[in-house]
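Participant:
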Amino acid sequence: MKVALFDFQIDALEKIRGALVKARRTVSTDDQHVVAFSAATGSGKTIMMTALFEAILVEPDEQLAWPLD
848 MKVALFDFQI
858 DALEKIRGAL
868 VKARRTVSTD
878 DQHVVAFSAA
888 TGSGKTIMMT
898 ALFEAILVEP
908 DEQLAWPLD
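Going by the working numbering, 891 is the number at position 44 of the sequence shown; the sequence numbering is gapless.
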């Protein structure tokens with residue numbers, strides 16, 4: 848990612864990752880899960896989601912040193 852994330856953005860992404868991993872572990876066709884994300888205006892939601900999808904689809908960079916396995 849070309850933009851450096853702030854510490855609070857990295858913390859938020861860690862929480863989202865935890866929620867996604869938990870949902871992925873217990874999801875089934877009969878018991879689907881939703882993970883919602885909200886943050887204040889100007890907090891960088893678009894940048895955070897871009898970093899998350901890059902970490903999921905491509906590979907994490909040095910800011911997010913975790914895959915979503």
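No residue lacks a Cβ here, since even glycine has one placed at the ideal position from N, Cα and C.
Quick one: grab the DSSP three-state call for Thr-876.
Facilitator: Note: Thr-876 maps to coil in three-state DSSP.
Participant: Which of the three DSSP states is assigned to Gly-865 in this structure?
Facilitator: If DSSP states are grouped into helix, strand and coil, Gly-865 belongs with the helices.
Participant: Can you list, in chain order, the residues of its chain with a C-beta nearer than 8 Å to that of Val-874? Leave out the 5 residues immediately preceding and following it.
Facilitator: If we look at Val-874 and ignore the five residues flanking it on each side, its Cβ neighbours are His-880.
Participant: Less than 8 Å between the CB atoms is what I'm expecting for Met-895 and Ala-859, so what's the real figure, rounded?
Facilitator: Confirmed, about 6 Å.
Participant: Starting from Lys-892, follow the alpha helix (DSSP H) in both directions and report where the run begins and ends.
Facilitator: Note, Lys-892: alpha helix (DSSP H), 892 to 904.
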